[in-house]
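Peer 1: Residue numbers (the working numbering): 19 to 261. Cβ coordinates follow ideal geometry from the N, Cα and C atoms, glycine included. Can you keep this structure in mind? I'll have questions shortly.
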């Protein structure tokens, strides 16, 4: 399977402070890949660099063989990458339908088939299509943020903390949707503090600590690792476990 995204020796700095310190990773086409780690590990900075919101200090970001470093965000979106930002950031005063149309603002073709697709994924959004987005619940706003990103017809969708601030039952629904989107052919790069949910949804995971990737493996391997359990899954290390 070919890699849709290849990040090599990526560094991102803010005023001399390196948030990302030379990381390399790959996202195979058709898979769910997750970056897990504590706050401040550099996960969001990595996504922002990929989509062109941050200029890397150095390194390479290749998407389907194209170098993205130096491209503007709008150009990156037209190439087939979209980002669901942390905190949802829906347009509160616009209706659900207007938000969805904003997700497709770079397109010049008909949106009807894609609207029907996202409504099939999120029936509640169809029921609320004329409602201002600011009146939706947190879970509904997260659904809208994902649906809005899908309206650009991405080949790769990146999600930054999609479960943040949501009730456990809603989180389960969000991850069900992530799996459904992936099954329909969209590659997903997921940044998530809920390591347990992320690793069980992902084909492959990378652990980030203080701007570095410190561990990698399949989702199952990382979920079973004693160090990961102790650090991110809230479980005590078994005596004699991996060090």
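#1: Take residue 110 as the anchor and find which of 69, 152, 251 and 233 has the nearest alpha-carbon.
#2: By DSSP, does residue 219 sit in helix, in strand, or in coil?
#3: Determine the contact status of residue 224 and residue 234, defining contact as a CB-CB distance below 7 Å.
#4: Under the three-state reduction of DSSP, which class applies to residue 178: helix, strand or coil?
#5: Jot down the residue ranges of each uninterrupted alpha helix (DSSP H) in the stretch 155 to 208, minimum 4 residues, whole runs only, in chain order.
#6: Less than 6 Å between C-beta atoms, sequence neighbours within five positions excluded: which residues of the same chain meet that for residue 68?
#7: Spell out the partners DSSP gives residue 227 in its beta bridges.
#8: Quick check: the Cα distance between residue 38 and residue 227, rounded to an integer number of angstroms?
#9: Give the single residue among 25, 190, 119 and 108 whose Cα lies nearest to the Cα of residue 65.
#10: Closer than 6 Å by C-beta to residue 44: which residues in its own chain qualify, once you throw out the five before and the five after it? Chain order, please.
#11: Is it right to say residue 18 is buried, meaning 16 or more other beta carbons lie within 10 angstroms of its own, or is it exposed?
#12: Looking at the secondary structure, which residues open and close the alpha helix (DSSP H) in which residue 117 lies?
#13: Which residue or residues does DSSP assign as beta-bridge partners of residue 36?
#14: How many angstroms separate the CA atom of residue 115 from the CA atom of residue 248?
#15: Provide the residue span of the alpha helix (DSSP H) that contains residue 62, from first to last.
#16: What three-state label does DSSP hand residue 26 in the structure shown?
#17: With DSSP as the reference, label residue 58 as helix, strand or coil.
#18: Between residue 92 and the rest of its own chain, which residues show a CB-CB distance below 6 Å, the 5 nearest in sequence each way excluded?
#19: Check whether the Cβ atoms of residue 220 and residue 52 sit closer than 7 Å, and answer yes or no.
#20: Can you tell me which residues form a DSSP beta bridge with residue 84?
Peer 2: Short version:
#1: 152
#2: helix
#3: yes
#4: strand
#5: 156 to 168 and 186 to 201
#6: 79
#7: 230
#8: 9 Å
#9: 25
#10: 21 and 24
#11: No answer is possible for residue 18: the residues shown for the chain start at 19 and end at 261.
#12: 114 to 121
#13: 31
#14: 43 Å
#15: 61 to 68
#16: strand
#17: coil
#18: none
#19: yes
#20: 81
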